[in-house]
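The structure under discussion appears below in the form of structure tokens.
Okay, here's the thing in structure tokens:
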């Protein structure tokens, strides 16, 4: 499989330079970082949640975990729950299950960016499959989130 069509179109529409990095098949963003010999804190992972108001994507570093308390405080939405993999297939039909690109805005989903990713010179994220990462300049990645909320939503793995 190659980069998700929706993601590719969005990046081209935004005139963003990017490269695809091949790696052995993985199941998680952390595994992708290791397989591609990239630091986990440079890999942006996407977490999709929902409540009665709809979907929210949170983008944090693969080296971190989501701080649900901070998310509730930031959004005022106390009923957000992770979306099941079954539902992900309908929301991201051009992606392999579990390989969510970290650009929810490409799919019309409200997306929040964790401040922890703002320091990276280079960012990597899932291309919509389990064997490629998108590589791009950190400032360009951050620019893609100009209309999104930037906040502290992560904590280090215990």
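Residue numbers (the working numbering): 0 to 157.
For every residue, glycine included, the Cβ atom is placed at its ideal position computed from N, Cα and C.
Looking at 84, 68, 59, 80, the one whose alpha-carbon comes closest to that of residue 149 is 59. Of 140, 103, 19, the smallest CA-CA separation from residue 116 is found for 140. In the DSSP assignment, residue 43 falls within the unbroken beta strand (DSSP E) covering 42-50. Taking every protein chain shown into account, the CB of residue 74 has 16 or more other CB atoms within 10 angstroms, so this residue is buried. For residue 29, the enclosing alpha helix (DSSP H) begins and ends at 28-34. For residue 141, no beta strand (DSSP E) encloses it; the enclosing alpha helix (DSSP H) starts and ends at 137-142. For residue 109, the three-state secondary structure derived from DSSP is strand.
Three or more Cβ pairs closer than 8 Å define a contact, and the segment 45-58 meets that threshold against the segment 90-103.
The shortest CA-to-CA distance from residue 101 to any of 120, 147, 83 is the one to 147. Residue burial is scored here from C-beta neighbours: residue 21 has fewer than 16 other C-beta atoms within 10 angstroms and is therefore classed as exposed.
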